[in-house]
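Engineer: Chains A and B are the protein sequences, given in the same order. Those letters in the first sequence? Residues 1 to 426, per our numbering, in order. Those letters in the second sequence? Residues 427 to 852, per our numbering, in order. The C-beta atom is built at its ideal place from N, Cα and C for all residues, glycine as well.
There are 2 protein chains.
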Amino acid sequence: MADETIAGGDEESPGLSRRGFFLGAGGLAASGLIVGGAAGAAGGFALARATGSETAATADIVYPYFDQAHQGGIQTEPQKYSVLMTYDLTASSRGEVQVLLARWTAAIAQMTKGQPIGNPAPPGPEAVAQDSGEALDLGAQGLTVTVGLGPGLFDSRFGLASKKPGLLKQLPHLPSDQLQKEFTGGDLCLSACADDPQVAYHAIRNLSRMARGTATTRWTVTGFGRASAGPSQQTPRNLLGFKDGTRNIVSDADFDRWVWLKNQRQSWMNGGTYLVARKIHQNIETWDTDRISDQEQVFGRTKLEGAPLTGHGEFDAPDFSKKSAAGDPIIPATSHVALAAHENNGGIKIHRRSYNYTEGIDGVGQIDAGLLFVAFMNDPDHFIRLQTKLGSSDRLNEYIKHIGSALFAVPRGPRTGSYIAAELFD
Amino acid sequence: MADETIAGGDEESPGLSRRGFFLGAGGLAASGLIVGGAAGAAGGFALARATGSETAATADIVYPYFDQAHQGGIQTEPQKYSVLMTYDLTASSRGEVQVLLARWTAAIAQMTKGQPIGNPAPPGPEAVAQDSGEALDLGAQGLTVTVGLGPGLFDSRFGLASKKPGLLKQLPHLPSDQLQKEFTGGDLCLSACADDPQVAYHAIRNLSRMARGTATTRWTVTGFGRASAGPSQQTPRNLLGFKDGTRNIVSDADFDRWVWLKNQRQSWMNGGTYLVARKIHQNIETWDTDRISDQEQVFGRTKLEGAPLTGHGEFDAPDFSKKSAAGDPIIPATSHVALAAHENNGGIKIHRRSYNYTEGIDGVGQIDAGLLFVAFMNDPDHFIRLQTKLGSSDRLNEYIKHIGSALFAVPRGPRTGSYIAAELFD
């Protein structure tokens with residue numbers, strides 16, 4: 001099926017060409033797969049987008065989807081909003097998983113161009129819409145949807161155990177974990193990021209709908225403010241009021257060294273990475289009663305500028321050896337920045353791509369809020385080593401708890417004429 | 427205290443002037459109120475704002491707060507995001523309520539200018555920050571915070587029964603109500619709207635913190651996409667994929683006729699209005715299985731264009747008398763637009779200012795989503811009459827349920843040197 005097209009990456013028409021889509025479906029069918037509803041008779045919306053002036057700045061940001069060495073949403077400059085959704089597979093065969101990944105690929109390709117999903121032919125009056133419609137006028141908004149594969153995909157159900165990525169496993173229990181089972185794990189995940197939250201929501205909603213019969217939703221977090229910056233972005237603040245992500249990985253060299261996989265025994269994972277998701281609840285109302293000076297000792301940085309306590313500017317390198325007159329390190333050894341710094345961890349770096357969240361009022365009348373911590377790395381052990389240290393000693397632990405956790409293998413971007421993780425099934 | 431300042435409306439400096447703030451506090455104290463922490467010794471942040479380029483378009487939108495005939499967030503062009511929070515008063519005296527409203531007034535004045543709340547003097551190292559900090563770099567983002575007063579404020583606790591607005595009451599049980607007690611009522615409400623969700627969240631978080639000891643949080647909804655348009659805005663879509671708010675009130679004449687209160691026996695309510703909040707759950711996954719033609723019959727409008735079924739353009743006037751060859755109304759009498767239209771309701775109009783919401787996964791694995799319906803009107807009976815009709819007959823009822831509800835009296839905007847609802851306490 002190399003010459004055929006599931007979702008033609010070069011299309012500039014409002015929707016996927018019918019020919020391309022059906023050829024793709026035919027290609028899958030020829031491979032022994034039944035595509036089911038993917039190219040079924042149900043109508044979709046194919047619309048020209050009319051962008052409201054208030055969203056014009058970001059409406060037209062379109063990230064290419066096919067034939068990228070890596071999936072979007074990893075090195076992509078962080079968009080403003082995110083929805084993470086995880087799934088349990090209920091499929092009984094490997095083929096069903098393939099079909100789901102192929103359908104997701106086609107739909108993601110459409111949505112990342114700002115197009116509605118589905119058959120571009122105008123829907124007949126008796127059709128059920130393939131696209132739910134709430135993002136019809138909003139544009140692409142820099143949408144990326146990153147697909148992750150959990151350890152469960154490689155258990156005995158689907159005959160894929162021999163293809164399991166070498167470092168994919170359940171994360172071990174980590175110090176200070178207070179995980180709630182309902183926010184852990186998942187056989188698959190989707191991370192949709194965009195500069196308009198309705199666009200990210202729309203993507204997850206429609207991809208979840210498409211999964212029906214193959215996978216069920218497991219846990220989700222909606223992030224409303226990015227809490228990590230890309231190379232040309234001002235450092236954002238987390239809900240503790242501190243800048244977050246000042247020392248994040250942004251250079252190609254660091255991505256090459258610390259994020260991307262290459263020369264893997266599981267060659268289908270080359271160009272991929274691993275995704276760690278943690279739902280971190282913040283006791284913000286307790287935090288709010290803490291003195292600024294103590295908060296700064298907890299982070300090892302100033303609150304206003306975000307400078308290390310040994311410096312003046314946000315991007316000054318922290319000096320962990322510098323001592324006060326009394327002989328104590330000026331940046332406390334148990335501060336967040338000292339424990340997490342690559343200088344104190346054998347050089348280890350991970351790429352963080354986190355978002356703030358709020359979820360109403362908790363059981364004791366406080367605003368429920370926290371951080372959807374998302375990080376990418378080419379070895380999950382890097383996260384494990386950092387979090388083992390942080391979980392044991394971080395002064396921040398008084399104010400946060402890790403309540404959700406999952407690890408996913410993230411394959412490379414799909415090739416034109418193929419679909420995400422296709423090589424896994426070869 | 428007419429010449430004194432609680433939170434000087436004319437300040438252009440990065441923070442409120444110390445003089446202005448303390449004078450204001452002194453003014454309240456002179457009126458027999460104890461202001462407590464409002465001008466206390468705890469430090470705050472007073473910062474110049476540095477706006478990231480990605481938010482520059484809306485960062486600098488500042489709506490004036492003091493000396494407006496009406497509170498912001500009502501006729502203001504709808505911002506993109508909203509947080510509604512309701513409160514139960516735990517105060518034991520009328521004075522405590524006054525102090526809270528005065529402190530809220532001062533803080534809202536600062537935040538709507540994009541400033542952190544509190545004392546503008548640089549915080550000492552041992553101070554607790556008055557502002558939680560997460561919006562420090564984000565600018566004003568068109569923030570408005572609308573204060574509402576629930577029926578409970580006028581019960582026997584505070585000696586204000588004789589000042590109760592004439593039409594303020596608990597809403598009656600309405601057809602199709604499936605209210606959940608935890609999403610109903612409230613003695614006070616705050617509706618924060620802004621073009622950045624972190625700015626709206628920050629306002630509610632800090633105003634809630636300020637209420638501690640006087641009021642506790644009751645229910646809240648975070649809205650991520652506006653679902654009603656202002657006069658110069660493209661009509662947005664709700665999560666059912668339809669344009670929402672096409673016939674919304676936008677003209678000054680309609681606001682004058684249908685929204686603002688005047689010549690009230692309770693003269694302190696002149697310039698005010700009433701706010702109805704409804705949390706409306708949408709069964710989106712059932713809706714998504716319905717045929718487009720049926721969805722269009724439910725709304726009485728086309729999905730793509732939003733045109734009435736008797737017209738071609740979104741803003742064409744619906745013709746409710748037009749019949750098909752078979753003799754049936756082309757816009758079904760039980761469609762949403764037919765039941766809600768002012769032509770069919772003795773001319774009644776209300777101003778809607780709704781937002782979409784999503785709240786994770788519900789008990790059966792579906793994405794929990796809906797509409798935070800917010801409407802303003804000068805007689806709550808207008809809403810009651812419309813909703814009685816809609817609740818009885820609307821074809822949309824198959825796909826939605828009203829799970830939350832509250833009614834609030836909304837006073838006029840505060841005067842410089844005074845605070846919100848001050849005349850209530852005269």
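Rounding to the nearest angstrom, what Cα-Cα distance links residue 608 of chain B and residue 830 of chain B in this structure?
Structural biologist: By 1-based counting over the second sequence, the position of residue 608 of chain B is 182. By 1-based counting over the second sequence, the position of residue 830 of chain B is 404. Answer to the nearest angstrom: the Cα atoms are 8 Å apart.
Engineer: In chain B, what lies closer than 8 Å to residue 128 of chain A by C-beta?
Structural biologist: Walking along the first sequence from the start, residue 128 of chain A turns up at place 128. Correct list: 714, 715, 716, 717 and 718.
Engineer: Using the Cβ count rule (16 or more neighbours within 10 Å means buried), how would you classify residue 749 of chain B?
Structural biologist: Counting from 1 along the second sequence, the entry for residue 749 of chain B is found at position 323. By the Cβ-count criterion, residue 749 of chain B is exposed, with fewer than 16 other Cβ atoms from all chains shown falling within 10 Å of its own Cβ.
Engineer: Applying a beta-carbon distance threshold of less than 9 Å, which residues of chain B neighbour residue 137 of chain A?
Structural biologist: Sequence index remark: in the first sequence, residue 137 of chain A carries index 137 (1-based). Within 9 Å Cβ-Cβ: 660, 661, 662, 663 and 669.
Engineer: Is there a Cβ from chain A that is less than 8 Å from the Cβ of residue 812 of chain B?
Structural biologist: By one-based count along the second sequence, residue 812 of chain B stands at place 386. Taking Cβ atoms only, chain A never reaches closer than 8 Å to residue 812 of chain B, which makes this a no.
Engineer: Quick check on the burial criterion: 16 or more other C-beta atoms within 10 angstroms. Buried or exposed for residue 166 of chain A?
Structural biologist: As a position in the first sequence, residue 166 of chain A is number 166, starting the count at 1. Flag for residue 166 of chain A reads exposed.
Engineer: First and last residue of the alpha helix (DSSP H) that includes residue 588 of chain B?
Structural biologist: Counting from one through the second sequence, the residue named residue 588 of chain B turns up at place 162. Neither: residue 588 of chain B is in no alpha helix (DSSP H) and is coded neither H nor E.
Engineer: Going along the chain, which residues of its own chain have a beta-carbon closer than 7 Å to the beta-carbon of residue 533 of chain B, five neighbours each way excluded?
Structural biologist: Here residue 533 of chain B corresponds to residue number 107 of the second sequence, with the count starting at 1. Excluding residues within five positions, the ones whose Cβ falls inside 7 Å are 543, 632, 633 and 636.
Engineer: Tell me whether residue 802 of chain B is buried or exposed, calling it buried when 16 or more other Cβ atoms sit within 10 Å of its Cβ.
Structural biologist: Translated into the one-based positions of the second sequence, residue 802 of chain B becomes position 376. Result: buried.
Engineer: Leaving aside the five residues before and after residue 651 of chain B along the sequence, list all residues of the same chain whose C-beta is less than 6 Å from its C-beta, in chain order.
Structural biologist: Along the second sequence, one-based indexing puts residue 651 of chain B at 225. Hits under 6 Å: 782.
Engineer: Quick one, which of A:306, A:354, A:336 and A:161 has its alpha-carbon nearest residue 76 of chain A's?
Structural biologist: Taking the first residue of the first sequence as position 1, residue 76 of chain A is located at position 76. Comparing Cα-Cα distances from residue 76 of chain A to each of A:306, A:354, A:336 and A:161, the minimum goes to A:354.
Engineer: Nearest by alpha-carbon distance to residue 130 of chain A: which of A:246, A:203 and A:311 is it?
Structural biologist: Here residue 130 of chain A refers to the residue found at position 130 when the first sequence is read from its first residue. Closest option to residue 130 of chain A, Cα to Cα, is A:203.
Engineer: Buried or exposed, going by whether 16 or more other CB atoms sit within 10 Å of the CB of residue 773 of chain B?
Structural biologist: One-based indexing of the second sequence puts residue 773 of chain B at position 347. Under this definition residue 773 of chain B is an exposed residue.
Engineer: Determine the direct distance from the alpha carbon of residue 341 of chain A to that of residue 298 of chain A, and round the result to whole angstroms.
Structural biologist: Along the first sequence, one-based indexing puts residue 298 of chain A at 298. Along the first sequence, one-based indexing puts residue 341 of chain A at 341. Approximately 14 Å, taken between the alpha carbons.
Engineer: Which residue's Cα is closest to the Cα of residue 220 of chain A: A:234, A:277, A:413 and A:99?
Structural biologist: Numbered from 1 along the first sequence, position 220 holds the residue referred to as residue 220 of chain A. Closest option to residue 220 of chain A, Cα to Cα, is A:277.
Engineer: Is there a Cβ from chain A that is less than 8 Å from the Cβ of residue 471 of chain B?
Structural biologist: Along the second sequence, one-based indexing puts residue 471 of chain B at 45. A caution first: residue 471 of chain B carries a pLDDT of 34, below 50, which makes its placement in the model unreliable, though a value can still be read off. Taking Cβ atoms only, chain A reaches closer than 8 Å to residue 471 of chain B, which makes this a yes.
Engineer: Using DSSP with H/G/I as helix, E/B as strand and the rest coil, what is residue 191 of chain A?
Structural biologist: Your numbering for residue 191 of chain A matches position 191 in the first sequence. Note: residue 191 of chain A maps to strand in three-state DSSP.
Engineer: Which value, in whole angstroms, describes the spacing of the CA atoms of residue 72 of chain A and residue 179 of chain A?
Structural biologist: For the purposes of this step, residue 72 of chain A is identified with residue 72 of the first sequence, where counting begins at 1. For the purposes of this step, residue 179 of chain A is identified with residue 179 of the first sequence, where counting begins at 1. About 29 Å.
Engineer: Of all Cβ atoms in chain A, is any one closer than 8 Å to the Cβ of residue 410 of chain B?
Structural biologist: As displayed, chain B neither begins before 427 nor continues past 852, which places residue 410 of chain B out of reach and without an answer.
Engineer: Going by C-alpha distance, which of B:490, B:524 and B:581 is nearest residue 568 of chain B?
Structural biologist: For this step, residue 568 of chain B is matched to residue 142 along the second sequence. Considering only alpha carbons, the answer is B:490.
Engineer: Which runs of the beta strand (DSSP E), 3 residues or longer, sit entirely within the stretch 489 to 552 of chain B?
Structural biologist: 507 to 515
Engineer: Please report the residue range of the alpha helix (DSSP H) in which residue 704 of chain B lies.
Structural biologist: For this step, residue 704 of chain B is matched to residue 278 along the second sequence. Residue 704 of chain B -> not in any alpha helix (DSSP H); beta strand (DSSP E) instead, spanning 699 to 708.
Engineer: Please report whether the beta-carbon of residue 487 of chain B lies at a distance below 8 Å from any beta-carbon of chain A.
Structural biologist: Mapped onto the second sequence, residue 487 of chain B falls at position 61. Residue 487 of chain B does not count as touching chain A.
Engineer: Which residues in chain A sit within 9 Å of residue 629 of chain B, going by Cβ to Cβ distance?
Structural biologist: Residue mapping note: residue 629 of chain B aligns to position 203 of the second sequence, counting from 1. Neighbours of residue 629 of chain B on chain A: none; closest Cβ ~12 Å, over 9 Å.
Engineer: Indicate the three-state DSSP secondary structure (helix, strand or coil) for residue 330 of chain A in the structure shown.
Structural biologist: As a first step, residue 330 of chain A is located in the first sequence; it is residue number 330 there, counting from the start. Residue 330 of chain A: coil per DSSP, three-state reduction.
Engineer: Against chain A, with Cβ distances strictly below 8 Å, would residue 834 of chain B count as a contact?
Structural biologist: For the purposes of this step, residue 834 of chain B is taken as residue 408 along the second sequence, with counting starting at 1. Not an interface residue.
Engineer: With distances taken between CB atoms, is the gap from residue 408 of chain A to residue 223 of chain A smaller than 8 Å?
Structural biologist: Looking up residue 408 of chain A in the first sequence gives position 408. Looking up residue 223 of chain A in the first sequence gives position 223. For residue 408 of chain A and residue 223 of chain A, no; Cβs fall outside 8 Å.
Engineer: DSSP three-state label for residue 403 of chain A, please.
Structural biologist: Along the first sequence, read from residue 1 onward, the residue named residue 403 of chain A stands at position 403. Note: residue 403 of chain A maps to strand in three-state DSSP.
Engineer: So, is the C-beta of residue 456 of chain B closer than 8 Å to a C-beta in chain A?
Structural biologist: The residue you call residue 456 of chain B lines up with position 30 of the second sequence. Reliability of the predicted coordinates at residue 456 of chain B is poor, the pLDDT of 32 falling under 50, and the value obtained from them is presented with this limitation in mind. Output row for residue 456 of chain B: interface = no.
Engineer: Assuming contact is defined by CB atoms lying nearer than 8 Å, are residue 642 of chain B and residue 360 of chain A in contact in what I supplied?
Structural biologist: Residue numbering aside, residue 642 of chain B sits at position 216 when the second sequence is read from its first letter. Residue numbering aside, residue 360 of chain A sits at position 360 when the first sequence is read from its first letter. Not in contact: residue 642 of chain B and residue 360 of chain A (Cβ atoms no closer than 8 Å).
Engineer: Using a Cβ-Cβ cut-off of less than 7 Å, give me the residues of the stretch 594 to 627 of chain B that come near chain A, in sequence order.
Structural biologist: 623, 624 and 627
Engineer: In three-state DSSP terms, what is residue 44 of chain A?
Structural biologist: As a working mapping, residue 44 of chain A is identified with position 44 in the first sequence. Because residue 44 of chain A carries a pLDDT of 33, less than 50, the predicted location of this residue cannot be relied on, and no value is offered for it.
Engineer: Does any CB atom of chain B fall closer than 8 Å to the CB of residue 283 of chain A?
Structural biologist: Locating residue 283 of chain A in the first sequence gives position 283, where the first residue counts as 1. The beta carbon of residue 283 of chain A does not come within 8 Å of any beta carbon belonging to chain B, so the residue lies off that interface.
Engineer: Residue 107 of chain A CB to nearest chain B CB: under 8 Å?
Structural biologist: Along the first sequence, read from residue 1 onward, the residue named residue 107 of chain A stands at position 107. Closer than 8 Å: no.
Engineer: Measuring straight from C-alpha to C-alpha, what distance separates residue 730 of chain B and residue 668 of chain B?
Structural biologist: In the second sequence, counting from the first residue as 1, residue 730 of chain B sits at position 304. In the second sequence, counting from the first residue as 1, residue 668 of chain B sits at position 242. For residue 730 of chain B and residue 668 of chain B, the distance between alpha carbons rounds to 8 Å.
Engineer: Does the CB of residue 373 of chain A have a neighbour CB from chain B at under 8 Å?
Structural biologist: As a first step, residue 373 of chain A must be located in the first sequence, where it is residue number 373. No, no contact with chain B.
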